[in-house]
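A.B. asks: Listed in order, the protein sequences are those of chains P and H. According to the working numbering, the first sequence is numbered sequentially starting from 66. According to the working numbering, the second sequence is numbered sequentially starting from 66.
There are 2 protein chains.
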Amino acid sequence: MSKRQTNILVFSPNLTDVEAYVESIRKEGYLSVQGATTFEEAEKYLPNTEVILAWKFPTQLLNKPISSSVRWFQSMGAGVNDLVTDPSIPKDMFITRIVDQFGTYISEYVFSFLLDIVKDGPRMRQAQLKQSWDSFTSDTLKGKTIGIAGLGSIGAEIVRKARAFDMNVNGLSFSGKQASLVDQHYFPNQWLEFVKELDYLVQTLPLTDQTHYVINKDILLAMKPNACLINVGRGALINEDHLISVMQSGHLQAAILDVFEKEPLPKGHILWSMPNVYVTSHLSGPSTVEGVSHFFIKNLKRYLEEQPLHGLVDRKLGY
Amino acid sequence: MSKRQTNILVFSPNLTDVEAYVESIRKEGYLSVQGATTFEEAEKYLPNTEVILAWKFPTQLLNKPISSSVRWFQSMGAGVNDLVTDPSIPKDMFITRIVDQFGTYISEYVFSFLLDIVKDGPRMRQAQLKQSWDSFTSDTLKGKTIGIAGLGSIGAEIVRKARAFDMNVNGLSFSGKQASLVDQHYFPNQWLEFVKELDYLVQTLPLTDQTHYVINKDILLAMKPNACLINVGRGALINEDHLISVMQSGHLQAAILDVFEKEPLPKGHILWSMPNVYVTSHLSGPSTVEGVSHFFIKNLKRYLEEQPLHGLVDRKLGY
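Okay, structure coming up:
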């Protein structure tokens, strides 16, 4: 097996991950791979590097002469809002993001919370703690209406599972390309109409200039008082201050937040301890070494064959 | 609308339920309906009663002369193991049970627990309590193997949802009628082969002579050490003493138990407080007034038209 010996640099602050990525890439016959976990190591290996596979890369190195041979930057994540607005990344460098890898994880996360809320898991757990026989009748997801903002691979997987739960499924997207997946499709000029009938609103949109703070007080107050909001996209899709004051006023049944304007969410932040707010630590769609390696190696083959890359970011669209 | 004025008696210890049933039956034009909540009230209304719709009925009244006109006994529940073995119920009295009403509730219950366990909900809740940013990678249901014992309407609904989660789905049933629903079907003489490959075993079988204690030490030890057991059927499908000792030895990842040999599960019973045992109060498949009324009224029309009743119990089969 003779592979073109492109120089590849793998970067992450996590040494175990870096070692695993390097090993899995070498195993495929691409032997010219270096791993780096710090600014200094990245600086050392950048000269002659053509391809970067990275998480939390020190991008300020990318517009320096040592990076002049870098042509392609593959992020290990799905969200690239930081990268597209980063002035250090030369305009002619390809940026790709991971796509089609998170649908399973994120949809399982979403339904784990929807079911825990609708079946009243907290009441069941409380009853067990108290050893109290509490045979109550829970509600069902069946017949409820879920709205999914963003109908990419993640949104589509949530749609598919919502069907198995016999929910009504609406969607909002910019392109409308997947409108046929949902019962009712809305465009971004129809946010108010979109949200007003929903029992559950799931935010999976990428963060761009168009979607920043797209969920504000007006949208939240247009939702049904007992609706639930789920954010598995990016924190700044939602104006957190608005969400906090709207929920403090007693509007909305619950908010399930995996992403925040500032991450990690600081200790003592009010969202950690608000009733009916479920906080998780940006874990709904994990970039696993196995999944990312698989995606990267397929993309590397396309790169070497000069075929279009998967997950290529359009910096004007922002994703 | 002229309806034959059959005398109907509704019985439940719960007065609110009885009133709701009586009202919903009268609304359909069946005006000769009495409600009772106690032994004495039942005794008073039984003479000339032809149809009983009941929960926890004092069956010792049924072989007395006051019950001589009763022809049909509709239970408000799905499980009728108590009724089929009850010597007070005359052999020529039809017993029917509720069928096709619990699939939604029970399958939502099952997936709420499967997802909470596979996504590690307890760890997420613990992190929030401690305000600690804990971004871990959870496992997925995708690719896991679920085995469903009992492929009636409840089992079939669990199969359908398991497909949406991309699980491998095996099943065990007595009749084999629904074998085509599952990837691999087993008969009751193949319990050991059935359970040995499973990550999740869901018990939905009715309790009969053939299924009493069908899950014993041998079956439990044949399961994978990290498998989960879910019981939404009847408590005595599982030998609880065997389950307790097998789990105390460290075998099995979790048991999710909605039904018990003795209900309510007594305070202080070890199952309430064993690690990795999730106890709920026989609530996975609630008999809602709305659902049971709907079922009963459809069945009442069939009864009056002398058509075969839905959910008719075969006392030899035991369900």
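From the three backbone atoms N, C-alpha and C, an ideal C-beta is built for every residue, glycine too. Bear in mind that the values here come from a model prediction, so they are computed numbers and not experimental data.
1) Suppose the cutoff is 7 Å on Cβ atoms and the five residues either side in sequence are ignored; what does the same chain contact list for residue 98 of chain P look like?
2) If you follow the beta strand (DSSP E) that residue 73 of chain P is part of, which residue opens it and which one closes it?
3) Can you pull the chain P neighbours of residue 347 of chain H, defined as C-beta to C-beta under 7 Å?
4) Which residues in chain P sit within 8 Å of residue 112 of chain H, going by Cβ to Cβ distance?
5) Do residue 206 of chain P and residue 230 of chain P count as a contact pair if the criterion is CB distance below 8 Å?
6) With burial defined as no fewer than 16 other Cβ atoms inside 10 Å of the residue's Cβ, what is the status of residue 236 of chain P: buried or exposed?
7) Using 8 Å for Cβ pairs, my map puts residue 311 of chain H next to residue 286 of chain H. What's the rounded Cβ distance?
8) What's the call for residue 201 of chain P, buried or exposed, on a 16-neighbour Cβ count within 10 Å?
9) Quick one, which of H:103, H:226, H:299 and H:318 has its alpha-carbon nearest residue 145 of chain H's?
10) Would you check if the distance between the CB atom of residue 153 of chain P and the CB atom of residue 124 of chain P is smaller than 8 Å?
11) If you run the structure through DSSP and keep just helix, strand and coil, what is residue 265 of chain P?
12) Any beta carbon from chain H within less than 8 Å of residue 83 of chain P's own beta carbon?
13) Take the Cβ of residue 79 of chain P as the centre, count every other Cβ of all protein chains shown within 10 Å, and call the residue buried at 16 or more, exposed below.
14) Give me the chain P residues within the contact set of residue 177 of chain H, using Cβ-Cβ distance strictly less than 7 Å, ordered along the chain.
15) Could you name each continuous alpha helix (DSSP H) segment of 4 residues or more that falls completely within the region 100 to 164 of chain H, going from the start of the chain to the end?
16) Which chain P residues are close to residue 193 of chain H, counting only those with a beta carbon under 8 Å from its beta carbon?
17) Taking the C-alpha atoms as reference points, what is the distance between residue 161 of chain P and residue 363 of chain P?
18) Can you round the beta-carbon distance between residue 163 of chain P and residue 357 of chain P to whole angstroms, since I take them to be within the 8 Å contact cut?
19) Check residue 168 of chain P in the structure and name its three-state DSSP category.
20) For my contact list, residue 282 of chain P and residue 250 of chain P are in at a C-beta cut-off of 8 Å; report their separation, rounded to the angstrom.
21) Can you tell me which of P:218, P:226 and P:198 puts its alpha carbon nearest to the alpha carbon of residue 210 of chain P?
22) Quick one: Cα of residue 373 of chain H to Cα of residue 260 of chain H, how far?
23) Short check: CB of residue 349 of chain H to CB of residue 279 of chain H, under 8 Å?
24) List the DSSP bridge partners of residue 251 of chain H.
25) Closer than 7 Å by beta-carbon distance: list the chain P residues that pair up with residue 189 of chain H, in chain order.
26) For the ligand MG, is there a heavy atom less than 7 Å away from the beta-carbon of residue 139 of chain P?
27) To which residues of the same chain is residue 375 of chain H closer than 6 Å at the C-beta, ignoring the five residues directly before and after it?
28) To the nearest angstrom, how far is the alpha carbon of residue 113 of chain H from that of residue 366 of chain H?
29) Any beta-carbon of chain H closer than 8 Å to the one on residue 143 of chain P?
30) What is the rounded straight-line gap between the Cα of residue 66 of chain P and the Cα of residue 134 of chain P?
31) Leaving out the 5 sequence neighbours to the left and right, which residues in its chain are closer than 8 Å to residue 341 of chain H when beta-carbon positions are compared?
32) List, in order along the chain, the chain H residues whose C-beta lies closer than 9 Å to that of residue 225 of chain P?
33) Which stretch, first to last residue, makes up the alpha helix (DSSP H) that contains residue 356 of chain P?
34) From residue 315 of chain H to residue 284 of chain H, what distance separates their C-alpha atoms?
35) On the DSSP bridge list, what partners appear for residue 212 of chain P?
36) Compare the Cα-Cα distances from residue 183 of chain P to each of P:130, P:291 and P:274 and report the closest residue.
C.D. replies: Considering the structure as presented:
1) Translated into the one-based positions of the first sequence, residue 98 of chain P becomes position 33. Only 73, 75, 87, 90 and 91 meet the Cβ criterion.
2) Residue numbering aside, residue 73 of chain P sits at position 8 when the first sequence is read from its first letter. Note, residue 73 of chain P: beta strand (DSSP E), 73 to 76.
3) Mapped onto the second sequence, residue 347 of chain H falls at position 282. Neighbours of residue 347 of chain H on chain P, chain order: 200.
4) What you label residue 112 of chain H is simply residue 47 of the second sequence in a count that begins at 1. Against chain P, the beta carbon of residue 112 of chain H has no neighbour under 8 Å; the closest one sits roughly 33 Å away.
5) Along the first sequence, read from residue 1 onward, the residue named residue 230 of chain P stands at position 165. Along the first sequence, read from residue 1 onward, the residue named residue 206 of chain P stands at position 141. Less than 8 Å separates the beta-carbon of residue 230 of chain P from that of residue 206 of chain P.
6) In the first sequence, the residue the question calls residue 236 of chain P occupies position 171. Per the 10 Å Cβ criterion, buried.
7) By one-based count along the second sequence, residue 311 of chain H stands at place 246. By one-based count along the second sequence, residue 286 of chain H stands at place 221. The beta-carbon separation of residue 311 of chain H and residue 286 of chain H, rounded to 6 Å, stays under the 8 Å limit for a contact.
8) Walking along the first sequence from the start, residue 201 of chain P turns up at place 136. Counting Cβ neighbours within 10 Å, residue 201 of chain P comes out exposed, since fewer than 16 surround it.
9) Here residue 145 of chain H refers to the residue found at position 80 when the second sequence is read from its first residue. Minimum Cα-Cα distance from residue 145 of chain H among the listed residues H:103, H:226, H:299 and H:318 corresponds to H:299.
10) Taking the first sequence and counting its residues from 1, one reaches residue 153 of chain P at position 88. Taking the first sequence and counting its residues from 1, one reaches residue 124 of chain P at position 59. Contact flag set, yes.
11) By 1-based counting over the first sequence, the position of residue 265 of chain P is 200. Three-state result, residue 265 of chain P: strand.
12) Numbered from its first residue, the first sequence carries residue 83 of chain P at position 18. Interface annotation, residue 83 of chain P: not in contact with chain H, CB-CB separation never under 8 Å.
13) The sequence position of residue 79 of chain P within the first sequence is 14, counting from 1. Looking at its Cβ environment, which holds fewer than 16 other Cβ atoms inside 10 Å, residue 79 of chain P is exposed.
14) Counted from its first residue, the second sequence places residue 177 of chain H at position 112. Neighbours of residue 177 of chain H in chain P, taken as residues at a C-beta separation under 7 Å, are given in chain order as 180, 181, 184 and 186.
15) For the region 100 to 164 of chain H, the full-length alpha helix (DSSP H) segments reaching 4 residues or more read 104 to 110 and 146 to 149 along the chain.
16) Residue 193 of chain H sits at position 128 when you count from the first residue of the second sequence. Residues of chain P with a Cβ closer than 8 Å to the Cβ of residue 193 of chain H are, in chain order, 337, 343, 344 and 345.
17) Along the first sequence, one-based indexing puts residue 161 of chain P at 96. Along the first sequence, one-based indexing puts residue 363 of chain P at 298. The straight-line gap from Cα to Cα measures roughly 13 Å.
18) On the first sequence, position 98 is the one that residue 163 of chain P refers to. On the first sequence, position 292 is the one that residue 357 of chain P refers to. The pair is a contact, with the Cβ atoms about 6 Å apart (cut-off 8 Å).
19) Here residue 168 of chain P refers to the residue found at position 103 of the first sequence. Secondary structure at residue 168 of chain P: helix, using DSSP grouped into helix, strand and coil.
20) Within the first sequence, residue 282 of chain P is the residue found at index 217, counting from 1. Within the first sequence, residue 250 of chain P is the residue found at index 185, counting from 1. Between residue 282 of chain P and residue 250 of chain P the beta-carbon gap is near 25 Å, outside 8 Å, which marks them as no contact.
21) For the purposes of this step, residue 210 of chain P is identified with residue 145 of the first sequence, where counting begins at 1. Considering only alpha carbons, the answer is P:226.
22) To locate residue 373 of chain H, count along the second sequence from 1; it is residue 308. To locate residue 260 of chain H, count along the second sequence from 1; it is residue 195. Their Cα atoms are separated by approximately 37 Å.
23) In the second sequence, counting from the first residue as 1, residue 349 of chain H sits at position 284. In the second sequence, counting from the first residue as 1, residue 279 of chain H sits at position 214. Between residue 349 of chain H and residue 279 of chain H, the gap from beta carbon to beta carbon reaches 8 Å or more.
24) For the purposes of this step, residue 251 of chain H is taken as residue 186 along the second sequence, with counting starting at 1. Partner(s): H:237.
25) Within the second sequence, the letter at position 124 stands for residue 189 of chain H. The answer, in chain order, is 345.
26) Absence of the ligand MG is noted for the structure shown, with no ligands found whatsoever.
27) In the second sequence, the residue the question calls residue 375 of chain H occupies position 310. Shown here for residue 375 of chain H: same chain residues with a beta carbon closer than 6 Å to its own, the five before and five after excluded, namely 364 in chain order.
28) Counted from its first residue, the second sequence places residue 113 of chain H at position 48. Counted from its first residue, the second sequence places residue 366 of chain H at position 301. Using only the alpha carbons, I get a separation of about 19 Å.
29) Mapped onto the first sequence, residue 143 of chain P falls at position 78. Not an interface residue.
30) Counting from 1 along the first sequence, the entry for residue 66 of chain P is found at position 1. Counting from 1 along the first sequence, the entry for residue 134 of chain P is found at position 69. Model confidence at residue 66 of chain P stands at a pLDDT of 43, short of 50, so the residue's coordinates are unreliable; what they give is reported in the following sentence. Looking at the two C-alpha atoms, the distance is approximately 25 Å.
31) Within the second sequence, the letter at position 276 stands for residue 341 of chain H. Residues of the same chain with a CB within less than 8 Å of the CB of residue 341 of chain H, apart from the 5 flanking positions on each side, are 312, 317, 318, 319 and 320 in chain order.
32) Indexing the first sequence from 1 puts residue 225 of chain P at position 160. Result: 229.
33) Start at 1 with the first residue of the first sequence, and residue 356 of chain P comes out as number 291. That run of the alpha helix (DSSP H) goes 354 to 369.
34) As a working note, residue 315 of chain H is residue 250 in the second sequence. As a working note, residue 284 of chain H is residue 219 in the second sequence. Our two residues, residue 315 of chain H and residue 284 of chain H, have alpha carbons roughly 15 Å apart in a direct line.
35) As a first step, residue 212 of chain P must be located in the first sequence, where it is residue number 147. Residue 212 of chain P pairs with P:235 and P:266.
36) In the first sequence, residue 183 of chain P corresponds to position 118, counting from 1. Closest by alpha carbon: P:291.
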